[in-house]
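Start counting the sequence shown at 50; every next residue gets the next number (the numbering used here).
Ideal Cβ positions, reconstructed from N, Cα and C, are used throughout, including at glycine.
Keep in mind that this is a model prediction, so the values were computed, not measured.
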Amino acid sequence: QQNREYYSLRFAEVQKELSGMKVELGRIE
50 QQNREYYSLR
60 FAEVQKELSG
70 MKVELGRIE
């Protein structure tokens with residue numbers, strides 16, 4: 050149970066990171 054909570058937290062962090070990267074790429078192009 051605790052593991053699942055940890056992974057969903059990590060997943061949210063990764064999603065934030067990815068959307069931030071997309072924004073960066075959009076600005077470069």
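DSSP places Glu78 in the coil class of the three-state scheme, outside both helix and strand.
Here the alpha carbons of Glu73 and Tyr55 stand approximately 27 Å from one another. Pairing Glu78 with Lys71, the inter-Cα distance amounts to about 11 Å.
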